[in-house]
Structure formats: C-alpha cells, structure tokens
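2 protein chains.
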Amino acid sequence: MHGWTGKLLRIDLQDESVKVEDIPEEILLDYLGGRGLGVKLYYDSVSPEIEPLSEENPLIFAVGPLTGIAPMSGRHAAVSKSPLTGTILDSNSGGEWGKEMKYAGFDAIIVQGKAERPKYIVIRDDEISFESAEHLWGRDVEYVTGKLEGLGSVAAIGPAGEKGVLYAAIMNDLTHALGRGGLGAVMGAKNLKAIVVRGSRKPKVANVEKYKEAMMDMVKLLEASPPVNKGLKVFGTSMLYDIVNYLDVMPTNNFNDVHFDGGEKLSGDYIITHYNIRHEGCWGCPVKCKKKDAKRDIELPEYETIWAFGPNIENGDYEKVVEANLKCNRNGMDTISTGATIAMWRELKGENYLEKVEEVMEHEDLKLGSMRIARKYNAEDKRTDIKGLELPGYDPRGLYGQALSYATSNRGGCHLRAYMVAPEIIGKPKLIHRLNPEGKAGLVVIFQNLNAAIDSLILCKFTAFAMTEVEYAKLLSAVTGVDFRAEDLLRIGERIYNLERLFNVRAGFSGEDDTLPEKIFSGKNALSREIFEEMLKEYYEFREWRNGVPTEEKLRKLGII
Amino acid sequence: MHGWTGKLLRIDLQDESVKVEDIPEEILLDYLGGRGLGVKLYYDSVSPEIEPLSEENPLIFAVGPLTGIAPMSGRHAAVSKSPLTGTILDSNSGGEWGKEMKYAGFDAIIVQGKAERPKYIVIRDDEISFESAEHLWGRDVEYVTGKLEGLGSVAAIGPAGEKGVLYAAIMNDLTHALGRGGLGAVMGAKNLKAIVVRGSRKPKVANVEKYKEAMMDMVKLLEASPPVNKGLKVFGTSMLYDIVNYLDVMPTNNFNDVHFDGGEKLSGDYIITHYNIRHEGCWGCPVKCKKKDAKRDIELPEYETIWAFGPNIENGDYEKVVEANLKCNRNGMDTISTGATIAMWRELKGENYLEKVEEVMEHEDLKLGSMRIARKYNAEDKRTDIKGLELPGYDPRGLYGQALSYATSNRGGCHLRAYMVAPEIIGKPKLIHRLNPEGKAGLVVIFQNLNAAIDSLILCKFTAFAMTEVEYAKLLSAVTGVDFRAEDLLRIGERIYNLERLFNVRAGFSGEDDTLPEKIFSGKNALSREIFEEMLKEYYEFREWRNGVPTEEKLRKLGII
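Order-wise, the sequence lines are chains L and H.
Be aware that the first sequence starts at -4, since it is given in this note's numbering, and climbs by one per residue.
Be aware that the second sequence starts at -4, since it is given in this note's numbering, and climbs by one per residue.
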C-alpha cells in the first residue's frame, strides 16, 4: 500500500441515484488515471457486444493524478464504445472542466442508464443534482454554456449529439471538444444535455519539494523548446500548415492528392499577420496554443480543422473555414469527421456542404460519416477512414510511421495515438526519416505506449515537444508518492494499449482491420502495400500479437489476465 | 556558389615546407568540417594499404564551421589510419586548441612526412615555424605544455607516443585528449612532439541576427535539459556510474560480469560530497563538465576512466583511479585502452598493473593493446575489443542498440559513434527499450549519421541531450549563410559514414569484422547471437550495404562515386 487513493462517482440517469466508491489502488498503479483508468473501468463494466447508443452503454469521464496540479494538465478523458467505429474509444479534451472535476474530488465518473426526459447534471463537490434540460434541448452549445456556466464548468452536447450524428462531440468550456468518435451521440442517447461541475478542493501532492523540482524542470524545458515557444505559442497548431504542405503530406481533395496549391491564406504566417490574435489556454497552461480573433471574439480553427475544410475540399478561403469551425463547435460536431464526410460527398456527388455544414445533421447519409456513405454508394475504394474513423490531415503516403500508427490505432484513423507527426515532421524528440520503413514498427509501439501513458496522467501531448518519459516519471512520482521510473510509464501505456485491443478483439475486430484505405495503396503517390505489410508484420512481432490479437502470454505478462 | 570558404594548411615535416590552399566549396558543402572534412581529405590523400606508423601516413587536424563560434564548439578532430585498428580513424577533443586553430584561420591542417630529429611546430596566424624538440623528447605532457604554453595552445604527445604505444593519445591543453586509436603514435612516428597554435582572427558569421536567435535557442535548451543542468554540470560524466551499475550494464572484471559490487566510492554522488570540486570547461562551454580536485589542483577522471581502472579490474579505490588517470594523461595514453589492456593481462596472467600503468609503455605485449595480447597468448575467446579498439564502459549485453553500434563502428569498439547511451540509458532525446532488438537497426543508423554530422560541425556530443537536428541545422545555416535543413545534416553524416566504410573495405575489412567479442555471446549474461545477427542484417538493409560493403548504387546516391 502506498496511500495513493482515488474516488469513483457512479451516476445512474434512470433512477437518478449516485454512489461514491474508492478506486482500488492496484487499478491506479496499473492504469494511472484518465484514458487508462477509463478503459479499465469500461472494460470491467460491459460486454463487448454492447450497442453504443443503447441506454446500457456507460459513458465514463476520468481525470489523472496530475490533472489540476501540473502545468498543461487541464484535461479530462472520456471512454465508451464508439457509435462511429464500434471500437472502444477514448477521447480527451482541454479547458477547465477536468480541473473542476478533479477539484470536486473525483477521479472517474461513470454515467449509466438513460434519463426519461432531457436532463443535465450539476456536480458541486459532493453535491450532485439532476436538473431538467427541457428548455435547453435543441439549443446549441453556446446557448447552453451561457445558461449554465454560472454553476460551473459546462460540458454539453449540441443538436448533433441529440440527433445521433455519429461523429457528434461533447463540447466543454464552449470551445474545447471531446471530438472524435461520437461520444456526443452516446451522451445524447442518454437524454443527457450537459454536465456542469465545480470543485473547491485542491488536490494534494505527496512530496512537495520533489514536485517543485520536477515542475520547474518541466517549465524550463517547455520555455526552451522551439516548437513550443516559437510554434505553438505564436501560431498555435496552424504552425503545421506550411511544413505539411511543403513535405507533400497534405491530403488534398478527399485524399486524391498530397499537396494543395492555393492555400496561402491558410498558413500560420498569413493568419497571425492578418488577424488580431488573442492567445488563450487551458487551465494551468503557459503555452496558450488556442487562438482567437480578438476583434470578433471568436475562436480560430486548429490545424486539423483548417485542413478538413481547406485542402481536403480544395478551399483556400480561410474565412469559410472559420465559419464552418464555429458551426461545428456550436452544434457539437467533430470537425475532422465533418470535413472528411463532406469531402467524400463532394467527390461522390459533386455537392459541397462547406457553407452549410449544419445541414449534415439532418442528412440521412451525411450524419453517419464517410465510411457508411462509401459503403452505401458502392465506393469502398474511395474510403478515407480506418475502422470508420476518418483520417486527419497528415498523409500516410509520405509518413511511414504515421501510416503504421493509423492502421494499428485502437480507435481507428487517429493521429494522436502515436503522434508520429512529432518525430517525422517536427523533429521532436528526434527527427526520424519519414520515408524509410526500417525501425518504424518498434518506434510506433513505443510512441503508442508513451502516448497512452500521457493520456492517463493526463498531460497535454504537446509537452512531448519538450519532455521525455524521464521527466514525466519524476512528476508522477512526486505527486503520488509512488516511485515510478520511465520504464514503468511505458509499461503502463503498453498495458492500456493491450487492454483496448483485447476489448476490440472481443468486439469482433482482428488484424484485418489494421489496414489503410485502398486509396493510400493506389495512384501516383501510393504507399507500397508490400512495405506496409512488412512494417505491420514487424509491429505485431514487437507487440507479441498474432494477427492483431494479443497472445495469452503477453496478456499474462502485463497482468491483464 | 554560396561564398562559404575554407583554408587548408599543408605542412611537410621532411622539408619543413608549408602551403596554404583553398578548400573547394563542394567539399565543405558535402562534408562540413571536422571529422567529415578530415575523412574526405585523408581518403583523397592516401592508398588504403598505407602503413599507419610510416612517414607517408598523413595526420590531419580539422575544425568545423561552428568551431570557435557557437557554445560548446571548442573542439577539433584528427584523422589518420589507426595503428591499433588499421581502420580509418577520427578522434576529437575539447579544450582551447581547436578554437585557436580556427582563429589562426585554418579549417584543416595536413601534417605529412617525418622530421629527421624531434621537432615541434608553432602556428601563429600565418606564421608557421619548425622548432627543435630535442630538449622535450622523452618528457611528459605536463612538462612540455608548461614549456610551450606561453606560445599558444599546446597539443603534444608524451613518452607513450614516442615509444609507439599503439593506444598513445595526443593531449592538448594539458588534460584534453585525442584519445582513442593511437594517433599519438602516428605523431611520434613523425618525430613531432607538439603543435602549438594561437590565432587572432575571430571567424565571421554570415547572418548575425539568425545566429543570435539560433544560439539563444541552443542556450535555453541546454539550460533546461536535466542531464545537462543537473547531471554534467554538477557531477560531470561520473553521473553515469550509478545508473550504469544499477542497470547491470557495467562491464566488470574484463567483461566477465555486468555489475560491480564495491564501487560505492566511484559514484558521482560520493565524489562530489567528498572532494572540493572545481568545474572547468572547454572554450565557450556553459556546462563545464570537467571536474578538478581544487585542493590538489589535479583533474578528476571521466566516467570511462573510472570504469576502466575501477570495475573492469575490480578496483573500488577511487584514489587509485585518480592516480592512474594522471599517469595516462601525463604519458599520453588512452585511458580506456590502457585499462582494458591491463584488465586483459590481469585475467590472463594474474598480474595487476593498476598502480604501475606507466610501465605498460615499456612492456612488449602491453604496449600493443589487448587484442594483440589475446592473440599472442591464444586467448581469442577473452577478447574485449572490436577491430582492435577496446570496448568502453557500457556493456553491450544489456544495451542492444549500443551493441549494434559497437559492432558496426568504423573505428572499432567506440561508444561515441552512435552514442546509444543517450536513448538507452539517459532517455534523451527519447527513452528506447534497451533489451528489445526491434527497430534498433534503423535508429543506430540515424544516430551514427547524426553523430558524424555533429563531429563535423564540430559541437560537443552532449549538446544532443538538449538539441535535435533542427536546431543544429539552424545554427549551421546562420553561420555559413547556406540553407541547411535537418535532413541535410543527416545526409551529410550518412555520406561521411559511407566514405569511412569505403576506406575500410579497401583496406581489407568486411562484414565479418562487424561483430562483437566472443565473450559477449557466451556466459550467463550472454547476448543472443541470433538476435544480434538479425539486427545486423536489418542494419545492412537500412544502410543499403551488402555484407558490410556499401553498394555502388548507395555510393552513387551519396555522390561519393
């Protein structure tokens, strides 16, 4: 026993009951918090066949040991089964909400059941109440947040979540999103419009002196890192636009090309010289990578969104991107999947929804995402998703590590599972040759494991532009009082990754789903299928998986079975 | 044409002539300086069969574009064929000498021929003179340096170099060494006792504004990096002792074990609490990793030396290490090879030279290094060298990447060609699993190429605890006015590595020499030969080499042929 404790809040919407439980220390030691804790609690709660939009499907929120303590820890994770992919899914978001949840004293919240009529939940430390959301139902996130923010930090769904858009997001603090995979629809299916939380209890640090030292190390590293202090601080994620296009890894026109001419006004340089930028950050963040147009007081889009509503539908008009982004945020829709879905529709049907993205919510095909459209219209060869989740704006044809990480991601086409963008594009922590398959499998595994750990601490992924496992472990040890080494963090990440995979296998996925869209393997910029398969084979060897399935021996070694 | 210029000084000891030439810009663009430039000039000057201790064998000194400009650039390289290994060899050293050479206006110095009687050379800007060294011959480095340092920075050999000890060093600024591979013997065979240099011309920077920015980035990253600001700054390289022993990668008793009990007084912690430390650094270094005992005004040993005279001969008495180190420095002997050679003798003959290391210079077997002893006494299975160069203090059995980098090093058993110690032990730039072969081949190649570039800039390798290719490229671009990207640096490093390899192949080496000592593959801590061979195979694939030999296609792609 180390004395590391955690609290779980169980909420049942059916009977409006709540229950607080202790989280066993073994679970905290093995899964930390955030994504890891959410995945473990979810795995132990359900049968893998569960229907994502059924009332039985739990929606789990979790914060981590560092949340609300360390710099760049203002984040929370949510875990459930995705209605878009059918896989286990974790999503994570910044802002204030996670910090408030932590201050309220909870490490995890399991929301079960379905309310008979629309409700919102208010959590203020130990006081939990269920309130009618009849007056909020149908209203957008901006409206709901405005109505409820006096009570605390607001996480809410917009009309998209209510209408079952399969890529509906849960928005918190107005502009932050649990974006990918449709958790907004899971929440909507529960008749739950919002969770408002405010906490008053500052979490404790086990070893204050050690924490101060580790925290100062972190702050110094962040201040010194050029991608942080010159990139994110100045441009936000739009710093990526020019380099991605320069390297010919900018998916263009629904992935039919890898370079976009005509995006001069989409680049970070253009934006910061033509807009009056206000820098905003999540709780406890010295970087402030979120940018607003100070004049109009509206949020400016992230790189992914610029890509999704820019090159991927051959649009070079930044203002149209800004508008589409606002609409997505207010209606509660993931911008990547929205953009990729309208790009697919544009290619198949010639109709462009860029200036009417809100209409996708009402459209029987568009609301289901690009994979289901491709299937319905016999265009499987046009797909741009993996396991149903649409690929984001880094083209796998020119980024071999990223390609492999996409294919093997447990939640489908996500760039953040290994974030090979950092080594393959930005050169942090180390520049790796993006067009050479050698050694990629091993690295992708290491980066996937590391990111699973970061998502469980939880810290912002951008800390990895400055810190390594060694510094993460020091922070965690100081805060919890438990001695973690760098290797321990990677092992925990590996455990999480394997448990997610095991869920997916039991839900019917196999190695055959670890692939890339047909488009990636054909055409003028094609990635060689042979090279990809060789990398995948090596990946499985490194993972000790057989055809995408963890071996019993591996699961035993990780303490999963 | 970019306007980047370089000067080469040719010195012939035979007729005491000197000649100054321009270095073609293509060579600077392709090989930068330092190691790369030295290797290129050497390759173009000789036939690979050349006898290392013959008077025809040139000894080349070279500095790089950043030398004497950037922080941590107070270094110079020397290149020749090694009498110990028979391979091409570059060595590099810190201190003031390289900066003085640069300030004298030279990027490379080729020393040819042999003086009839002992000489030393004095270089003061363009004035070069040849002086009699009769009164210095036979004297140690301390004496010679004391006599000559009024004229400038002194690089000198001690008695070991004169006597042809095959691992004799060239010492500069009293305590800095071109240590490995016997360049001191090459210098001795030329009857050249010392080169004294002083320069008065500050090198120019092409773009001062950009340089300032890149330099400030570098300084901030160094100040923020824990292995630099908490490790090297406080403990020097002795920071490594505890972690290396903890991980069971401490070669012990001539590599018969991997852990040393009884070295409590060898650790960095012990040393800094029991000695009155004075911190000293090379020119332009804010880190100052060299430590002195302020009370006695003597240098304290580096980690490698502590290992060589400590665990590797089962000695836990730090003061004996200090003394052996002083003797090696004064006599001009590489401490790693000296320690490894006496460890071999101790195992084979039971006699310990620790307290009489100066006697190895007179000993017909010991002066030839451990490989020749093992051969002479039919103990090939006891060898601890690769290609004749003795392995240093990081055990390959517990560090798979380091193992592969040792085996494939162009100069034999050297830890600094890829310096996998950084990712496998220290976790910079990224912690990599040290006991998993997957992906190691690709990484070793990348780190070998990167280190070849760093050795050519020249910057201290410890900068890599804080910086990546991206920052190196920015510094180089600002100083030279030529636009270099991170990828260009890796390509240049690759070119250098292949040219070195091509020399070795022409000198009779092949893939069969890319191996590890028999001891590493047997006994209780053995590295699996199968795993090693699999990594090596992948390494060759990644390198596009066939059985250790660069393919014509590869050489053509690199512009070598």
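Even glycine gets a Cβ: it sits at the ideal position worked out from N, Cα and C.
Please read these numbers as outputs of a predicted model, since none were measured by experiment.
Where does residue i sit, in a helix, a strand or coil, going by DSSP?
i: Ala374(H); result: coil
i: Phe457(L); result: helix
i: Asn87(H); result: strand
i: Asn249(L); result: coil
i: Arg5(L); result: strand
i: Leu79(H); result: coil
i: Lys188(L); result: strand
i: Ile556(L); result: coil
i: Arg273(L); result: strand
i: Glu126(H); result: strand
i: Leu411(H); result: coil
i: Asn310(L); result: coil
i: Ala180(H); result: helix
i: Lys14(L); result: strand
i: Trp302(H); result: helix
i: Glu385(H); result: strand
i: Asp168(L); result: coil
i: Ile365(L); result: According to the sequence displayed, residue 365(L) carries Ser and not Ile. Looking at Ser365(L) - three-state DSSP - the assignment turns out to be helix.
i: Trp540(H); result: strand
i: Arg119(H); result: strand
i: Met328(H); result: strand
i: Arg193(L); result: strand
With a threshold of 8 Å between beta carbons, is residue i in contact with chain H?
i: Pro424(L); result: yes
i: Lys215(L); result: yes
i: Thr463(L); result: yes
i: Glu218(L); result: yes
With distances taken between CB atoms, is the gap from residue i to residue j smaller than 8 Å?
i: Pro60(H); j: Val474(H); result: yes
i: His254(H); j: Asp264(H); result: no
i: Val58(L); j: Lys2(L); result: no
i: Pro246(L); j: Asn307(L); result: yes
i: Lys109(L); j: Leu227(L); result: no
i: Ser68(L); j: Asn167(L); result: no
i: Leu553(L); j: Glu489(L); result: yes
i: Lys285(L); j: Glu299(L); result: no
i: Asp509(H); j: Arg30(H); result: no
i: Ile83(H); j: Phe442(H); result: no
i: Asn493(L); j: Leu438(L); result: no
i: Gly81(H); j: Ala369(H); result: no
For residue i, write down the residues that DSSP places opposite it in a beta bridge.
i: Glu294(L); result: Lys287(L)
i: Ala73(H); result: Phe56(H), Ser86(H)
i: Ile105(L); result: Arg5(L), Ile55(L)
i: Leu173(L); result: Ile165(L)
Consider the Cβ of residue i: report whether some Cβ of chain L lies at a distance smaller than 8 Å.
i: Glu353(H); result: no
i: Ala303(H); result: no
i: Ala481(H); result: yes
i: Glu299(H); result: no
Could you list which residues in chain A have their beta carbon closer than 7 Å to that of residue i, in chain order?
i: Asp212(H); result: Going by chain labels, chain A is absent from the structure shown, which instead holds the protein chains L and H.
Using a Cβ-Cβ cutoff of 8 Å, what residues of the segment 521 to 548 of chain L are near chain H? List them in chain order. Answer set for the segment 521 to 548 of chain L: Glu533, Glu536, Phe537.
Against chain L: residues of the segment 428 to 446 of chain H by CB proximity under 8 Å: So the list reads His428, Asn431, Glu433, Gly434, Lys435, Ala436, Gly437, Leu438, Val440, Ile441, given in the order they occur along the chain.
For the segment 180 to 192 of chain L, enumerate the residues whose C-beta is nearer than 8 Å to any C-beta of chain H, in chain order. Per Cβ criterion, the list is empty.
Interface residues of the segment 314 to 328 of chain H facing chain L [CB-CB below 7 Å]: The segment 314 to 328 of chain H vs chain L, Cβ under 7 Å: nothing.
Using a beta-carbon distance cut-off of less than 8 Å, what residues from the segment 449 to 474 of chain H approach chain L? Here the close residues are Ala461, Thr463, Glu464, Val465, Glu466.
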